[in-house]
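Here is the structure we will look at.
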Amino acid sequence: MAISVYIDTNIIMDLLDEDRRKHSASVEKITALLNDDAELSINSDTLTTSFYLLRSQKKTTVSESLSALRKITKICNLVTVEMAQIDQALTLCEDPDTDFNDYEDALQYVCACKVNARAILSNDQGFVSPDVAVWRS
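Each residue of the sequence shown is one higher than the one before, counting from 1 in our numbering.
Here it is, written out as structure tokens:
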């Protein structure tokens, strides 16, 4: 049975932007996971954020940005973000007994839990995940 790995937005940006410091390492890690038939997942927020960053920071054209997103959608399953996931992420951030203080990370974590991911692939050194392993590229 294939393992489920949730991919953080920073890894997707590493894949799409060859100028990023972790580009090569992230490409190698994603390639290895795909070769092992892992099921990779992202949420729609990741696509939106990636499009924005490609356009605003990388200065890609609309066509180039859309093409990049299309490539990601071919290798990753999409986890839907519904009100339940938003509420869970907000609640985690509001709870003083948790270490969640970044809404985007909390939403990524909640989405990983939604698909029963074995791990979250992230290059965010401060990524909080109490019960899903965090792998780095």
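Each residue gets a CB set at the ideal place from its N, CA and C atoms; glycine is no exception. Note that the structure is a prediction, hence the values are computed from the model and not measured.
CB of residue i within 8 Å of CB of residue j, strictly
i    : j    : result
A25  : S137 : yes
V79  : S122 : no
I30  : L15  : yes
A119 : W135 : yes
K58  : D17  : yes
V132 : Y103 : no
I72  : I11  : no
8 Å contact criterion, which residue i and residue j should meet: CB distance rounded
i   : j   : result
V81 : S44 : 6 Å
V5  : L33 : 6 Å
R55 : S67 : Actually they are not in contact, since the Cβ atoms of R55 and S67 sit about 13 Å apart, beyond 8 Å.
Straight-line Cα distance separating residue j from residue i
i    : j    : result
T98  : L47  : 27 Å
A2   : D19  : 31 Å
V115 : E39  : 10 Å
L107 : D95  : 14 Å
A84  : L90  : 10 Å
D36  : V27  : 14 Å
A117 : K74  : 19 Å
N77  : T60  : 24 Å
D8   : L92  : 18 Å
F100 : F127 : 9 Å
3 or more residues per run - each beta strand (DSSP E) lying fully within the segment 59-120: 76-79
Any alpha helix (DSSP H) of 4 or more consecutive residues that is wholly inside the segment 7-62: 9-16, 23-35 and 44-53
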